[in-house]
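Colleague: Mapping of the sequence shown onto UniProt numbering: position 372 corresponds to residue 372, and the numbering continues sequentially without gaps.
Below you'll find the structure I mean.
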Amino acid sequence: MVPRSGHVVFDPASDHINYSDYLIDVDSWAAQYTDPSSLISPSEPTTSFQGDLYFPQGQNHPHHSYDHVPRTQLPTHQSIEMQLTRASPPPDQQNFVNYNASSSLFTDSYITSNQFPAPPSTASSTGYPPRSPYQPEISPSAPSPGSSDGMYSSYQHSDPGMMFDQYQPPPYAHMQQLSQIQQAQQPPIKVDYSVMSGVPETSFDASPEPESSQSAAQKALAAKSGGRALGTHLEPTVAKAAHDMRKIVACWHCVLQRDKCGPGDICERCFKRSQRPNADCGLGCNRLKLIDLSPYFLPSLVTQMHEDANLTHFVTQYIQQWGSVELTVMMTCGQDSMPRIPVKVYEFIPRGDALLVQIQYKTDPVTHTRVAIQKQSPALGMVHINHNEEKKYDRYITEIVDHHLDAFGELCWMEDDNDFQQKLFKLMTRVKPKSDDEAKLLREIFRLIVVTFIMSHTLTIAEETKVDTLSRMHSYSGHNSYVENYTSPRMTNRQLKYFFSRLQRSIQTTVLNKLQQIFKSSKGCDKWLAAFIAVLGMCMALEDQQKTIHLVMSTKATTEGLDQRDAQSQADIACREIDKRMHFVQQIFRWKYNRKHNPMRDADHDWEKEVGFGDANSVNFVRQVAQLVKENIDFLQQRQAVSISSDNQTKYTSRLVGQFLLSFWLPSV
């Protein structure tokens with residue numbers, strides 16, 4: 001740009017007058033006259049400078065490994081070529097004075113040099129193509145993280161360096177004082193002559209910007225901040241495609257690799273992936289949401305009896321008349337260490353003896369098989385099922401999680417001949433969540449394990465209150481009645497399971513939704529620990545659920561006259577479906593994390609320094625679990641090999657858990 005008469009040029013090398021007052025006056029004037037139209041000259045571009053520098057768009061320049069440079073708000077006209085203009089008139093109305101142009105500050109021409117090497121242009125092999133100083137510039141596309149085919153993702157990353165191109169501005173432009181001071185952290189732009197370092201930062205204003213350039217710059221600025229600009233809309237075809245994909249749902253392979261998915265039974269990327277030799281397509285082109293796994297984890301074989309219609313039919317079928325005396329019976333899911341829950345019940349006259357006998361199961365310590373035991377059951381039940389009482393039973397689960405979790409861990413796997421699961425669960429309860437969101441997820445995981453245990457075991461009358469409560473019944477026949485431990489009114493137990501079944505479904509839905517959110521949104525080590533404990537907890541709960549399926553079908557065969565082999569065949573099918581779906585969840589976890597982040601296998605790595613992983617407590621937990629796995633490797637391998645069968649149900653503990661934990665030492669996918 002050519003300095004013209006009446007425009008200010010500062011020469012601190014030859015002039016000793018302090019002009020800082022004028023600079024301050026300019027700033028003061030700018031502060032008092034806040035009308036945007038008053039802050040710029042008529043020839044000044046109207047493009048906002050409230051953003052980072054633009055970078056070339058649509059050019060696939062390779063990334064350079066520059067050190068990060070904090071960006072300064074600079075105008076888009078970067079490289080300046082100047083020609084000499086001689087002496088100026090005396091000071092003007094604003095007291096601006098030009099000084100001797102023969103000063104060493106000026107030469108006939110000088111050009112600011114690039115601070116960083118500019119990338120080669122794809123448009124020309126001989127140099128850089130001419131470009132308008134107002135051309136919006138966007139950084140080159142960044143490869144999609146984890147992308148198997150090297151495609152570029154739709155979002156852009158800004159290069160840490162700044163690229164400058166030369167241009168020749170129009171001769172009628174003029175200069176004015178810079179209205180915004182550069183950030184202190186920004187390194188100065190390298191110039192051909194060292195004397196320029198002492199010149200105050202100034203801005204060279206060019207001719208007004210065309211409307212098309214303004215629009216392009218605004219779009220580029222909107223792209224830099226993420227998302228489209230406020231008030232703009234997608235092209236109709238793009239909007240329709242996005243709407244359709246929200247209905248179709250992206251497949252898990254594309255989600256985990258941050259690829260753009262497409263419609264069809266097999267999306268285009270999964271099809272290409274399957275054509276590659278030795279490609280691991282373990283997940284397949286699967287668009288299934290985790291919440292859709294709920295019917296497999298809670299099959300109708302065990303939930304159907306707890307539906308409203310079935311419970312009403314059960315009461316009508318087996319109860320002839322209700323009594324008028326209300327009793328409060330204290331029920332519990334564990335005699336010694338679990339809290340009690342008061343239940344208001346009434347005595348009834350039964351139809352037949354079906355409700356006067358209850359089948360309970362225990363594990364033979366010698367043969368390690370399930371043994372059915374028939375016990376006398378008092379004729380007590382709830383007259384009304386009030387859904388508002390569901391909150392009371394929800395609080396019962398929460399009380400166990402908040403105050404009795406260690407005792408519950410001892411109770412839950414008390415009949416097993418190996419303490420691996422108890423130790424693992426205790427380690428899980430010692431993890432300190434690093435956020436409220438993570439704390440809520442861990443809490444729901446423990447609630448899921450507790451409610452699944454309640455559904456798989458009989459709720460019994462607390463021994464300390466049993467005699468006092470049952471002695472008030474009309475049918476009570478003295479101290480010889482109900483002498484055995486673990487006495488339970490069958491009807492009351494069935495009605496309580498109705499509430500806990502609803503809670504189990506609700507808690508499982510919460511866990512699956514949260515786990516899906518983690519799998520789809522988190523990056524790097526972030527949320528690894530929460531997802532790890534969530535999958536472990538689901539494995540523990542589902543192992544218990546598989547045992548329950550066998551027991552429910554065995555009880556149905558006894559009480560409803562079903563063929564035992566047919567009943568257990570249905571149970572086997574339901575258990576295998578759980579295996580298949582839980583393996584799918586484990587595979588998602590493995591695809592998402594194990595290739596780059598495997599704290600179990602690489603336990604000695606300093607994971608505390610990894611962004612988002614956690615603190616020393618998290619690292620210590622992972623190392624303790626890894627050591628526990630190594631100490632029980634033979635046990636876990638044996639349990640992993642246990643097949644689905646009613647005869648093997650007592651060996652289901654640590655079967656899914658072992659499968660998940662041992663997968664960390666498998667070859668990376």
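Ideal Cβ placement from N, Cα and C applies to all residues, glycine included.
All figures in this text were calculated on a predicted structure; none of them were measured in a lab.
1) Alpha carbon to alpha carbon, how far is residue 572 from residue 651?
2) Let me confirm a value: residue 596 is counted as buried when at least 16 other C-beta atoms fall within 10 Å, else exposed. Which label applies?
3) Tell me the rounded alpha-carbon separation between residue 475 and residue 379.
4) Could you tell me whether the region 447 to 454 touches the region 400 to 411, where touching means 3 or more Cβ pairs closer than 8 Å?
5) So, are the CB atoms of residue 443 and residue 483 less than 8 Å apart?
6) Quick one: which unbroken beta strand (DSSP E) runs of 3-plus residues sit fully inside the region 586 to 643? Chain order, please.
7) What distance in whole Å lies between the Cβ atoms of residue 541 and residue 448, which are believed to be in contact at a cut-off of 8 Å?
8) At what residues does the beta strand (DSSP E) containing residue 330 begin and finish?
9) On a Cα-Cα basis, can you pick out the residue from 350, 291 and 326 that is closest to residue 319?
10) Helix, strand or coil: which one does DSSP assign to residue 380?
11) Given residue 627, which residues of its chain have a CB within under 8 Å of its CB, disregarding the five upstream and five downstream residues?
12) Just verifying my parser: in three-state terms, what is the DSSP assignment at residue 372?
13) Could you tell me which of 657, 586, 383 and 252 sits nearest to residue 312, measuring between CA atoms?
14) Among 615, 624 and 586, which one has its Cα closest to the Cα of residue 666?
15) Just checking, does the region 501 to 510 make contact with the region 289 to 300 on the three C-beta pairs under 8 Å criterion?
16) For the beta strand (DSSP E) containing residue 360, name the first residue and the last one.
17) What does the Cβ neighbour count give for residue 619, buried or exposed, with the cut at 16 atoms within 10 Å?
18) State the Cα-Cα distance for the pair residue 325 and residue 579, rounded to the nearest angstrom.
19) In whole angstroms, give me the CA-to-CA distance for residue 327 and residue 360.
20) Using the Cα positions of residue 158 and residue 236, report the straight-line distance between them to the nearest angstrom.
21) Roughly how many angstroms separate the alpha carbons of residue 560 and residue 270, rounded to a whole number?
22) Among 653, 528 and 645, which residue has its Cα nearest to the Cα of residue 639?
23) Do you know whose CA, among 591, 512 and 377, lies nearest residue 254's CA?
24) Taking the C-alpha atoms as reference points, what is the distance between residue 467 and residue 477?
25) Taking the beta carbon of residue 658 as the centre, do at least 16 other beta carbons fall within 10 Å, making it buried, or is it exposed?
26) What does the alpha-carbon distance come out to for the pair residue 304 and residue 234?
27) Under 8 Å, do residue 593 and residue 306 count as touching if we go by C-beta distance?
28) Looking only at its chain, what residues have a beta carbon closer than 8 Å to the beta carbon of residue 249, apart from the 5 residues adjacent to it on each side?
29) In the DSSP assignment, what residue or residues form a beta bridge with residue 346?
30) Give the secondary structure of residue 653 by DSSP, where H, G and I count as helix, E and B as strand, and everything else as coil.
31) At the level of alpha carbons, what is the spacing between residue 364 and residue 415?
32) Give the DSSP bridge partners of residue 461, in chain order.
33) Between 348, 438, 264 and 501, which has its C-alpha nearest residue 397's C-alpha?
34) Just the C-alpha distance for residue 417 and residue 238, rounded to the nearest angstrom, thanks.
35) Going by C-alpha distance, which of 629, 615, 601 and 583 is nearest residue 283?
36) According to DSSP, is residue 248 part of a helix, a strand, or is it coil?
Modeller: Working from what's here:
1) 14 Å
2) Exposed, since its Cβ has fewer than 16 Cβ neighbours within 10 Å.
3) Answer to the nearest angstrom: the Cα atoms are 8 Å apart.
4) yes
5) no
6) Runs of beta strand (DSSP E) with 3 or more residues, each lying fully within the region 586 to 643, are absent.
7) 5 Å
8) 319 to 332
9) Of the candidates 350, 291 and 326, the one whose C-alpha sits nearest the C-alpha of residue 319 is 350.
10) strand
11) 603
12) strand
13) Taking only the C-alpha atoms, the option nearest residue 312 is 383.
14) 586
15) yes
16) 357 to 363
17) With 16 or more Cβ atoms within 10 Å of its Cβ, residue 619 is classed as buried.
18) 48 Å
19) 24 Å
20) Interpretation of residue 158 is limited by its pLDDT of 39, a score under 50 that renders its predicted location unreliable; no figure is taken from the coordinates.
21) A direct Cα-to-Cα measurement between residue 560 and residue 270 gives close to 48 Å.
22) 653
23) 591
24) 11 Å
25) buried
26) Each residue's Cα considered, the two are about 47 Å apart.
27) no
28) 287 and 289
29) 326 and 381
30) coil
31) 9 Å
32) Secondary-structure assignment with DSSP links residue 461 through a beta bridge to 331.
33) Ranking the options by Cα distance to residue 397, first place goes to 501.
34) 60 Å
35) 583
36) In the three-state reduction of the DSSP assignment, residue 248 falls in the helix class, which pools H, G and I.
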